[in-house]
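Heads up: the structure comes next, in structure tokens.
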Amino acid sequence: MTTLLDRKLLLVTGKGGVGKTSVVAALALLASSWGKRTLACEVDAKGNLSSVLETGPTEFKEREVHPNLFAMSMDTEESLKEYLALNLKLPLMTRLGPLAPLARMFEFVATAAPGVKEILTVGKLAYEVRKGRYDLVVVDAPATGHVVGQLAAPQAINELVRVGLIREQTAWMLDILSDPAQTGLVIVTTPEEMPVSETIELAGRLRSETIVDLAAVVVNRVLPELFGRGEEEVFERLTTPEHAAALTAAAGSEVGPILDAARLAVTLRRTRAGHLERLRNGVGAEVAMLYLPYLFVRTHGLRASHQMAEALAAELGY
Amino acid sequence: MTRPAPRAGSVEQLVAAKEIVVTCGSGGVGKTTTAAAIAAMAAVRQGGTVLVLTIDPARRLADALGVGSLGNEAQRVPAGAFKVAGVPNPRGELWAAMLDTKQSWDDLVLRHAPDKRTAQRILANKLYENITGRFVQSHEYIAMERLYDLHNEGRYDLIVVDTPPTRNAIDFLRAPERMAEFFSSRFLRVLTAPYRSQVMSIASKPFFTVADRILGSQFLQDIAQFFSLMQTMAPGFVERARAVSRLLRDKRTTYVVVSTLEAAPLHEAEFFVDELTSKDFHLGAVVLNKVLPEYLRDEKAAATASDMVGQADALAARMPDELGEPAQLRRVLTEVAESFLRFQVVAQREAEQRSELAVASEVIATAPFFETDIYDLAGLLRLGDEVWA
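These protein sequence lines are chains X and L, in that order. Residue numbers are given in numbering that gives the first Met the number 0: position 91 of the first sequence equals residue 90, and the series is strictly consecutive. Residue numbers are given in numbering that gives the first Met the number 0: position 366 of the second sequence equals residue 365, and the series is strictly consecutive.
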């Protein structure tokens with residue numbers, strides 16, 4: 000389990016709304032605080048990563064936003080330019096005239112030809128790993144529905160393209176992606192119906208359709224257990240009308256809303272325990288499960304990200 | 000039979016006057032469920048034939064509607080499901096269908112290809128398979144295309160559809176326009192030229208020089224062949240995509256933006272509302288979903304809870320013995336009070352977000368956070384009830 004942050008490339012995915020980006024921020028903050036030179040990359044550039052890291056907008060060109068922590072956002076056109084400059088020795092293409100029609104052409108082909116955008120994304124990430132400038136690259140990858148297509152792109156291209164530079168390029172990408180010592184996928188979920196179902200389904204598809212190892216499932220927003228042994232019975236007795244009235248009298252003020260809130264917390268915790276059980280059975284015992292608490296906080300900024308990083312460290316055994 | 004006129008400025012009134020309702024918003028906010036809830040309410044209260052078209056392969060929704068498994072073919076939600084939900088006599092019919100991307104693309108090709116042979120060649124093309132299976136935006140286009148198709152069939156009085164979560168919320172609405180652009184593009188002709196005539200135009204030369212070195216000529220030929228095949232469908236496709244685009248902007252089509260009161264989804268909802276308005280789509284309502292109950296913001300209860308934490312010992316001593324050990328009771332009282340205060344922080348944050356929400360929508364509906372998951376028609380109607388008026 001302690002090997003999670005020893006990998007070179009962590010691709011983090013999950014259903015929308017489960018806190019994927021926050022987990023990316025927490026992983027990156029934790030790794031960088033351990034002295035690892037870390038690159039965090041947002042693939043679907045919505046700007047959420049910069050808001051949980053409180054860094055201001057990120058660009059394709061990475062920037063050190065906290066000590067040891069660099070952030071960037073993916074841009075497939077920029078990635079293509081970088082690729083062309085590096086591989087074809089065409090510096091002019093990246094700066095001058097011919098690029099304008101080329102970029103439009105590219106946009107056009109990429110819109111229609113399968114895997115072009117995906118390969119430029121995965122390629123850039125794998126390239127950063129190969130170059131070894133970072134100890135760890137953490138990626139805020141596309142949501143569950145799209146991530147398999149993205150990860151399967153090098154294979155798909157490899158099958159479709161029989162010769163050419165791209166073909167040679169996919170070979171080393173596949174090496175990096177398929178090596179569990181280097182690359183791992185992290186699925187973020189919450190202990191709720193749909194996110195759990197999607198996680199189980201994705202875990203299955205990963206195995207059958209991609210070469211990437213499932214490194215961990217992070218269960219986010221786990222509610223605290225309110226009561227210890229025997230205490231739940233006390234609570235049940237306390238919420239009977241007669242005792243609730245007695246408590247209101249003793250406290251000198253209405254306690255109805257307080258008991259209602261506790262009932263809500265207990266019910267939620269119980270419903271969610273069932274989903275957690277289903278999750279554990281569904282993804283298989285060999286996959287590491289990391290639990291992060293529900294944060295009762297005012298805002299989800301850097302402070303909350305640090306709290307999550309601490310919780311993550313505890314889960315990883317530190 | 001008469002019924003009261005719907006309250007002005009409600010989701011009920013909005014739905015009564017429309018033929019298509021599109022729910023949108025970021026992932027995880029409850030778009031699919033909201034769409035199904037609105038459709039179910041319309042079928043129960045307003046009557047007519049109502050279809051809910053879902054894009055998410057939500058098995059639970061199929062189960063909730065009692066239709067076994069959802070496919071491209073619409074299925075009618077059985078009367079039994081309504082009976083169980085406590086509505087023995089719904090005014091109308093509720094139908095449900097799921098978008099099967101591959102099937103819908105195949106149908107489209109069969110419709111627009113000039114002849115059977117070309118259609119078969121397209122369907123057998125490797126790139127085609129990849130595009131329909133993996134290529135993300137194809138999903139968005141085909142969803143809107145299918146919606147158009149179902150609307151044209153004229154079988155339904157109302158169609159409620161949810162949308163795929165996209166990188167850019169507005170992407171799927173522009174998909175038909177992009178598809179039309181794509182097929183009428185000069186680039187398509189340029190790109191297919193080398194395959195057709197082996198003559199390269201000046202414009203395409205730098206592209207092919209680069210592309211040839213990166214991709215290899217075989218793959219380029221595959222691409223060119225694929226595009227030439229696709230081009231045979233261009234006239235039908237372009238016309239069709241434009242019609243889809245018109246329907247999405249039609250007055251009979253309205254958009255319901257769904258969000259929770261969390262920062263990121265709200266941010267996206269605001270962006271979405273702006274985009275809809277500025278691009279001439281008809282924003283109908285904003286639904287704020289999963290809102291924590293109001294009693295959590297009760298100031299007096301918060302003060303009481305703070306006191307309870309501070310004076311748990313004394314309080315426990317004043318309670319009847321039969322409740323349990325005083326030490327145990329003290330812990331329970333402390334936990335209960337602290338839990339309230341924790342949830343209060345979140346409820347206050349939500350209220351703050353709600354008051355800061357800057358959207359120009361006439362209808363803003365709120366649906367509460369339900370303690371248990373929605374897993375049946377009764378649950379959908381419970382949610383629908385909250386959103387409705």
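Glycine residues also receive a C-beta, built at the ideal position from the N, C-alpha and C atoms.
When we look at the beta-carbon of residue i and count the other beta-carbons within 10 Å, is it buried (16 or more) or exposed?
{"i": "X:Lys116", "result": "buried"}
{"i": "L:Tyr254", "result": "buried"}
{"i": "L:Thr162", "result": "buried"}
{"i": "L:Gly153", "result": "exposed"}
{"i": "L:Ser68", "result": "exposed"}
{"i": "X:Leu95", "result": "Model confidence at X:Leu95 stands at a pLDDT of 40, short of 50, so the residue's coordinates are unreliable and nothing is read from them."}
{"i": "L:Arg195", "result": "Low local confidence applies: a pLDDT of 47 at L:Arg195 is under 50, so the model's placement there is unreliable, with the coordinate-based value given in what follows. L:Arg195 is exposed by the Cβ-count criterion."}
{"i": "L:Arg116", "result": "exposed"}
{"i": "L:Gln197", "result": "Low local confidence applies: a pLDDT of 47 at L:Gln197 is under 50, so the model's placement there is unreliable, and no value is given."}
{"i": "L:Asp279", "result": "exposed"}
{"i": "L:Lys289", "result": "buried"}
{"i": "X:Gln168", "result": "buried"}
Please state the DSSP three-state secondary structure of residue i.
{"i": "L:Pro367", "result": "strand"}
{"i": "L:Lys289", "result": "strand"}
{"i": "X:Thr143", "result": "helix"}
{"i": "X:Trp33", "result": "coil"}
{"i": "L:Gly91", "result": "coil"}
{"i": "X:Glu41", "result": "strand"}
{"i": "L:Arg154", "result": "coil"}
{"i": "L:Phe280", "result": "coil"}
{"i": "X:Pro90", "result": "Bear in mind that a pLDDT of 48 at X:Pro90, under 50, signals an unreliable position, so the model cannot answer this."}
{"i": "L:Pro163", "result": "coil"}
{"i": "L:Glu271", "result": "What sits at residue 271 of chain L in the sequence shown is Phe, not Glu. In the structure shown, L:Phe271 sits in a helix (DSSP, three-state: H, G or I)."}
{"i": "L:Ser258", "result": "strand"}
{"i": "X:Leu324", "result": "Outside the modelled stretch of chain X, which goes from 0 to 317, sits residue 324 of chain X, for which no answer is possible."}
{"i": "X:His319", "result": "Look at the range of chain X in this structure, 0 to 317, and you will see that residue 319 of chain X is not part of it."}
{"i": "L:Asn71", "result": "coil"}
{"i": "X:Arg214", "result": "A small correction: the amino acid at residue 214 of chain X is Ala; Arg does not occupy that position in the sequence shown. Looking at X:Ala214 - three-state DSSP - the assignment turns out to be strand."}
{"i": "X:Met0", "result": "A caution first: X:Met0 carries a pLDDT of 44, below 50, which makes its placement in the model unreliable, though a value can still be read off. Residue state, collapsed to three classes: coil."}
{"i": "L:Ala112", "result": "coil"}
{"i": "X:Tyr317", "result": "coil"}
{"i": "L:Arg245", "result": "helix"}
Are residue i and residue j touching if we call contact CB-CB under 9 Å?
{"i": "L:Tyr155", "j": "L:Trp94", "result": "yes"}
{"i": "L:Leu295", "j": "L:Arg353", "result": "no"}
{"i": "X:Leu8", "j": "X:Gly183", "result": "yes"}
{"i": "L:Asp62", "j": "X:Glu192", "result": "no"}
{"i": "L:Ala366", "j": "L:Val256", "result": "no"}
{"i": "X:Phe42", "j": "X:Ser72", "result": "It is Val, not Phe, that sits at residue 42 of chain X in the sequence shown. Closer than 9 Å, so yes."}
{"i": "L:Ser25", "j": "L:Pro175", "result": "no"}
{"i": "X:Pro256", "j": "L:Phe339", "result": "yes"}
{"i": "L:Leu157", "j": "L:Val272", "result": "no"}
{"i": "X:Thr37", "j": "X:Ala44", "result": "no"}
{"i": "X:Val217", "j": "X:Gly13", "result": "yes"}
{"i": "L:Ala39", "j": "L:Leu380", "result": "yes"}
{"i": "X:Leu164", "j": "X:Asn219", "result": "no"}
{"i": "L:Leu332", "j": "L:Met307", "result": "yes"}
{"i": "L:Thr53", "j": "L:Ile37", "result": "no"}
{"i": "L:Gly27", "j": "L:Pro89", "result": "no"}
{"i": "L:Glu362", "j": "L:Gly8", "result": "Sequence inspection shows Val at residue 362 of chain L; the Glu mentioned does not correspond to that position. Yes, Cβ-Cβ distance for L:Val362 and L:Gly8 is below 9 Å."}
Against residue i, what residues of chain L qualify as contacts under a CB-to-CB distance less than 8 Å, listed in chain order?
{"i": "X:Phe69", "result": "Going along chain L, no residue has its Cβ under 8 Å from X:Phe69, so there is no contact; the nearest lies around 22 Å."}
{"i": "X:Ser72", "result": "Within chain L, no residue comes near X:Ser72; the closest Cβ sits about 12 Å away, beyond 8 Å."}
Along chain X, which residues have their Cβ under 7 Å away from the Cβ of residue i?
{"i": "L:Lys125", "result": "Leu159"}
{"i": "L:Ala28", "result": "With the sequence shown as reference, residue 28 of chain L is identified as Val, and Ala is not the correct amino acid for it. Neighbours of L:Val28 on chain X, chain order: Gly16."}
{"i": "L:Ala263", "result": "Asn47"}
Please list, in chain order, the chain X residues whose beta carbon lies closer than 9 Å to that of residue i.
{"i": "L:Leu295", "result": "Pro256, Asp259, Ala260 and Leu263"}
{"i": "L:Ser25", "result": "Gly15, Gly16 and Lys45"}
How would you list, in chain order, the residues of chain L whose beta-carbon sits under 9 Å from the beta-carbon of residue i?
{"i": "X:Ser177", "result": "In chain order: nothing, as chain L lies at least about 19 Å away."}
{"i": "X:Val22", "result": "Residues of chain L passing the Cβ test: none, with the nearest at roughly 13 Å."}
{"i": "X:Ser252", "result": "Lys299, Ala300, Ala302, Thr303 and Asp306"}
Since residue i meets chain L, which of its residues come closer than 7 Å, beta carbon to beta carbon?
{"i": "X:Leu26", "result": "The contacting residues do not exist; X:Leu26 stays about 18 Å from chain L at best."}
{"i": "X:Glu230", "result": "Gln327, Arg330 and Val331"}
{"i": "X:Val233", "result": "Leu322, Gly323, Gln327, Leu328 and Val331"}
{"i": "X:Leu237", "result": "Leu322 and Val331"}
Residues from the region 184-208 of chain X in contact with chain L, defined by Cβ distance under 8 Å: Residues Glu191, Glu192, Met193, Pro194 and Ser196.
Chain L contacts from the region 263-282 of chain X (Cβ-Cβ distance under 8 Å): Taking 8 Å as the cut-off between beta carbons, the residues of the region 263-282 of chain X near chain L are Leu263, Ala264, Thr266, Leu267 and Thr270, in sequence order.
Near-chain X residues of the region 313-340 of chain L (beta-carbon distance less than 7 Å), N- to C-terminal order: Going along the region 313-340 of chain L in chain order, one finds Leu314, Arg317, Met318, Pro319, Leu322, Gly323, Gln327, Leu328, Arg330, Val331, Glu334, Val335, Ala336, Ser338 and Phe339 with a Cβ nearer than 7 Å to chain X.
Residues of the region 338-363 of chain L whose Cβ lies closer than 7 Å to any Cβ of chain X, in chain order: Within the region 338-363 of chain L, contact with chain X at the beta-carbon level (separation under 7 Å) is assigned to Ser338, Phe339, Arg341, Phe342, Val344, Val345 and Arg348.
Residues, ordered as in the chain, of the region 289-312 of chain X that lie near chain L by beta-carbon distance below 8 Å: Against chain L - using a Cβ distance shorter than 8 Å - the residues of the region 289-312 of chain X are Phe295, Val296, Arg297, Thr298 and His299.
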